[in-house]
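Peer 1: Handing you a structure now.
Numbering (the numbering used here), first residue to last: 1143 to 1489.
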C-alpha cells in the first residue's frame, strides 16, 4: 500500500466518525497531534500526515478514494460521501462567484448604456449581445418613480416582459427603476405599457422611440421629463411624443423656463385650475387644426365657449391668435409649461 493510501487511511480513521458534523479547514482538538499510527492487515505502523485535499487534482483524489474504498470496505461509503460533499462545496462556490461576476458586469454594461458612454459599432454589438438585446431598435426607455429607496415599483418586470417575447434590461437607481425595452411596433408598446400600469400605480415616464442604443442616455432624459410634466387625469404613464415642439421645449431646460416664465406669469391673476382650463383649450384647438367645433366636441363645450377662452388667452398675454408667429410662440411656451414648469400644487 502506498504512503498516500496510508495517509488517507489515517485520515479516515480519525476524521470520518460523523459525516453529519460540519467540515472545517481549521484544525480542531482532534487534529492537535498531526501524526497518528494505524495498522492494517499486518502492515507496520508508521507516522503519517493527513493529506492536503486542496493540493490534489480531482482525478487523483478520486483514484485514491477508489483504492481506499477497496481497502476499507465498510468505510467506503463514508469516504466517498466526504468526497461528494467537498466536490459540491467547491462547485457551488464557483457557481456563486461566476454568477456574482456576471451580475456585476451586467450592471456595469447597463450603466454604460444609460450614461451614454461612447461605443463603436463592434463594442455596441457586443454590448447588446451580452445584455441579450437586439442590436437595432426601435427601443424606448421607461422610468418608474420609486416610493422609497431600494424598492422596485415594477418587480420582476424583465421576466414578465420576456414571457411576452419582449427583450429588455432594467436598472434600479436611487430615485427610479429604469428599463431599456425593445419594441417591434406601437401595438407591442401598448401591451408593454398596459402591463406596467397593471403591475404598479407608480408614475412612469416613457421616452420617444429611438433606434440606436447609443441614444439611450438622451431617451432617459426625455423619460425623466415626462415624469416631471403634467399627466393626463387618471393615467400614471406619460409618453414623450418626440415632436419637434416637445423636443425643442426640453432641449435646454433652464433657458426655456427662463424665456417662458414672463408669459406664464401673466396668468398669475387666475386661479391655477382656471389657468389650466385655458391652456388645455389652446392645446386642443391646436390639435384640431384651429377648428372651434371639433375642439368644443372634445372639450364637451360649445364652440363659442372655446372662442371665449381663446380670446381670454389673447387678453392675458397680449398676443393675437390671428398671427402665426404669436401662435408659434404661445405653442412653445405652453409646451415648456406642460413639460418643465407644471407642478401638482398648481392644480
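The beta-carbon is built from N, C-alpha and C at its ideal position, and this holds for glycine as well.
To the nearest angstrom, report how far apart residue 1287 and residue 1476 are at their CA atoms.
Peer 2: Locating residue 1287 in the chain shown gives position 145, where the first residue counts as 1. Locating residue 1476 in the chain shown gives position 334, where the first residue counts as 1. Their backbone Cα atoms lie some 25 Å apart in a straight line.
Peer 1: Sort out for me which residues DSSP pairs residue 1399 with in a bridge.
Peer 2: Along the chain shown, read from residue 1 onward, the residue named residue 1399 stands at position 257. Answer is none; residue 1399 lacks a bridge partner.
Peer 1: Taking the beta carbon of residue 1351 as the centre, do at least 16 other beta carbons fall within 10 Å, making it buried, or is it exposed?
Peer 2: By one-based count along the chain shown, residue 1351 stands at place 209. Result: buried.
Peer 1: When you compare each of 1409, 1254, 1406, 1346 to residue 1359 by their alpha carbons, which one comes out closest?
Peer 2: As a first step, residue 1359 is located in the chain shown; it is residue number 217 there, counting from the start. Ranking 1409, 1254, 1406, 1346 by Cα distance to residue 1359 puts 1254 first.
Peer 1: Determine the closest residue to residue 1276 out of 1246, 1353, 1344, with distance taken between C-alpha atoms.
Peer 2: In the chain shown, the residue the question calls residue 1276 occupies position 134. Checked all of 1246, 1353, 1344; the closest Cα to residue 1276 is 1353.
Peer 1: Quick check on residue 1379: buried or exposed, where buried means 16 or more other Cβ atoms within 10 Å of its Cβ?
Peer 2: Reading the chain shown from its first residue, position 237 is the one you call residue 1379. Answer is buried; the Cβ neighbour count reaches 16.
Peer 1: Residue 1314 by DSSP, collapsed to three states: which one?
Peer 2: In the chain shown, the residue the question calls residue 1314 occupies position 172. In this structure, residue 1314 counts as strand in the three-state DSSP scheme.
Peer 1: Is the beta carbon of residue 1424 less than 8 Å from the beta carbon of residue 1417?
Peer 2: Counting from 1 along the chain shown, the entry for residue 1424 is found at position 282. Counting from 1 along the chain shown, the entry for residue 1417 is found at position 275. Contact flag unset, no.
Peer 1: Could you tell me the boundaries of the alpha helix (DSSP H) in which residue 1299 lies?
Peer 2: Within the chain shown, the letter at position 157 stands for residue 1299. Note, residue 1299: alpha helix (DSSP H), 1299-1305.
Peer 1: Please state whether DSSP places residue 1184 in a helix, a strand or coil.
Peer 2: Taking the chain shown and counting its residues from 1, one reaches residue 1184 at position 42. Bear in mind that the predicted position of residue 1184 carries a pLDDT of just 44, short of 50, making it unreliable; the figure below should be weighed with that in mind. Reduced to three states, the DSSP call for residue 1184 is coil.
Peer 1: Who are the near neighbours of residue 1382 in its chain, counting only those whose CB is closer than 6 Å to its CB and skipping five residues on each side?
Peer 2: Along the chain shown, one-based indexing puts residue 1382 at 240. Excluding residues within five positions, the ones whose Cβ falls inside 6 Å are 1349, 1350, 1364, 1368.
Peer 1: Could you tell me the distance, in whole angstroms, from the CA atom of residue 1175 to the CA atom of residue 1202?
Peer 2: Position 33 of the chain shown, counting from 1, holds the residue named residue 1175. Position 60 of the chain shown, counting from 1, holds the residue named residue 1202. Note on residue 1175: pLDDT 44, under 50, position unreliable in the model; the coordinate value appears next. Rounded to whole angstroms, residue 1175 to residue 1202 spans 26 Å at the Cα level.
Peer 1: Tell me which same chain residues have a C-beta within less than 7 Å of the C-beta of residue 1452, skipping the five on either side of it?
Peer 2: The residue given as residue 1452 occupies position 310 in the chain shown. Excluding residues within five positions, the ones whose Cβ falls inside 7 Å are 1423, 1424, 1427, 1463.
Peer 1: Hey, would you say residue 1361 sits closer than 8 Å to residue 1481, going by beta carbons?
Peer 2: The residue given as residue 1361 occupies position 219 in the chain shown. The residue given as residue 1481 occupies position 339 in the chain shown. Not a contact, by the Cβ cut-off of 8 Å.
Peer 1: Taking DSSP as the reference, what is the three-state secondary structure of residue 1358?
Peer 2: Taking the chain shown and counting its residues from 1, the one referred to as residue 1358 is at position 216. DSSP places residue 1358 in helix when its eight states are reduced to three.
Peer 1: Pick helix, strand or coil for residue 1344, following the three-state DSSP scheme.
Peer 2: Start at 1 with the first residue of the chain shown, and residue 1344 comes out as number 202. Residue state, collapsed to three classes: coil.
Peer 1: Determine the burial state of residue 1460: buried for a count of at least 16 other Cβ atoms within 10 Å of its Cβ, exposed for fewer.
Peer 2: Residue numbering aside, residue 1460 sits at position 318 when the chain shown is read from its first letter. Residue 1460 should be labelled exposed.
Peer 1: Given a cut-off of 8 Å on the beta-carbon distance, is the pair residue 1319 and residue 1300 in contact?
Peer 2: For the purposes of this step, residue 1319 is identified with residue 177 of the chain shown, where counting begins at 1. For the purposes of this step, residue 1300 is identified with residue 158 of the chain shown, where counting begins at 1. Result no, Cβ atoms of residue 1319 and residue 1300 do not sit closer than 8 Å.
Peer 1: Within 10 Å of its beta-carbon, does residue 1264 have 16 or more other beta-carbons around it, so buried, or fewer, so exposed?
Peer 2: Here residue 1264 corresponds to residue number 122 of the chain shown, with the count starting at 1. Residue 1264 should be labelled exposed.
Peer 1: Nearest CA to the CA of residue 1406: which residue from 1431, 1396, 1455, 1298?
Peer 2: On the chain shown, position 264 is the one that residue 1406 refers to. When only C-alpha atoms are compared, the closest one is 1455.
Peer 1: Within 10 Å of its beta-carbon, does residue 1244 have 16 or more other beta-carbons around it, so buried, or fewer, so exposed?
Peer 2: To locate residue 1244, count along the chain shown from 1; it is residue 102. Under this definition residue 1244 is an exposed residue.
Peer 1: Give the DSSP-derived three-state secondary structure of residue 1415 in the structure shown.
Peer 2: Against the chain shown, residue 1415 aligns to sequence position 273. Three-state DSSP puts residue 1415 in a helix.
Peer 1: Considering Cα atoms alone, identify which of 1415, 1372, 1343 is closest to residue 1484.
Peer 2: Position 342 of the chain shown, counted from the start, is the residue given in the question as residue 1484. The candidate whose alpha carbon is nearest that of residue 1484 is 1372.
Peer 1: Should residue 1259 be labelled buried (16 or more other beta-carbon atoms within 10 Å of its own) or exposed?
Peer 2: Mapped onto the chain shown, residue 1259 falls at position 117. Residue 1259 is exposed by the Cβ-count criterion.
Peer 1: Given a threshold of 16 other Cβ atoms within 10 Å of its Cβ, counted over all protein chains shown, does residue 1324 qualify as buried or as exposed?
Peer 2: Walking along the chain shown from the start, residue 1324 turns up at place 182. That one is buried.
Peer 1: So, for residue 1250: in the same chain, excluding its five sequence neighbours on each side, which residues have a beta-carbon less than 6 Å away from its beta-carbon?
Peer 2: To locate residue 1250, count along the chain shown from 1; it is residue 108. There are no such residues.
Peer 1: Under 8 Å by Cβ, that's how I've got residue 1338 and residue 1386 pegged, so tell me the actual separation to the nearest angstrom.
Peer 2: For the purposes of this step, residue 1338 is taken as the residue at position 196 of the chain shown. For the purposes of this step, residue 1386 is taken as the residue at position 244 of the chain shown. No, residue 1338 and residue 1386 are not in contact; Cβ-Cβ is about 27 Å, not under 8 Å.
Peer 1: Where does the unbroken alpha helix (DSSP H) through residue 1439 begin, and where does it stop?
Peer 2: Sequence index remark: in the chain shown, residue 1439 carries index 297 (1-based). Per DSSP, residue 1439 belongs to the alpha helix (DSSP H) from 1434-1441.
Peer 1: How would you call residue 1187, buried or exposed, if buried means at least 16 neighbouring beta carbons within 10 angstroms?
Peer 2: Here residue 1187 refers to the residue found at position 45 when the chain shown is read from its first residue. Because residue 1187 sits at a pLDDT of 44, beneath the cut-off of 50, its placement in the model cannot be relied upon, and the point is left open.
Peer 1: Considering only the beta carbon of each residue, do residue 1394 and residue 1478 sit closer than 8 Å?
Peer 2: Along the chain shown, one-based indexing puts residue 1394 at 252. Along the chain shown, one-based indexing puts residue 1478 at 336. No, the pair does not count as a contact, with Cβ atoms beyond the cut-off.
Peer 1: Taking just the CA atoms, how far does residue 1297 sit from residue 1246?
Peer 2: Looking up residue 1246 in the chain shown gives position 104. Looking up residue 1297 in the chain shown gives position 155. Rounded to the nearest angstrom, the two C-alpha atoms are 19 Å apart.
Peer 1: Going by DSSP in three states, residue 1309 sits in which element: helix, strand or coil?
Peer 2: Counted from its first residue, the chain shown places residue 1309 at position 167. Residue 1309: coil per DSSP, three-state reduction.
Peer 1: Is residue 1284 helix, strand or coil when you go by DSSP?
Peer 2: The residue given as residue 1284 occupies position 142 in the chain shown. Three-state DSSP puts residue 1284 in a strand.
Peer 1: DSSP on residue 1319, reduced to helix/strand/coil?
Peer 2: The count along the chain shown starts at 1 and reaches residue 1319 at position 177. Strand, per DSSP.
Peer 1: Less than 8 Å separating the beta-carbons of residue 1355 and residue 1266?
Peer 2: What you label residue 1355 is simply residue 213 of the chain shown in a count that begins at 1. What you label residue 1266 is simply residue 124 of the chain shown in a count that begins at 1. Against a cut-off of 8 Å, the Cβ pair of residue 1266 and residue 1355 comes out as a contact.
Peer 1: Skipping 5 residues on each side, what residues in its chain have a beta carbon closer than 7 Å to that of residue 1173?
Peer 2: One-based indexing of the chain shown puts residue 1173 at position 31. Caution applies to residue 1173, whose pLDDT of 43 falls short of 50 and renders its modelled position unreliable; the value that the coordinates give is listed next. Counting only Cβ-Cβ distances below 7 Å, and skipping sequence neighbours, we find nothing.
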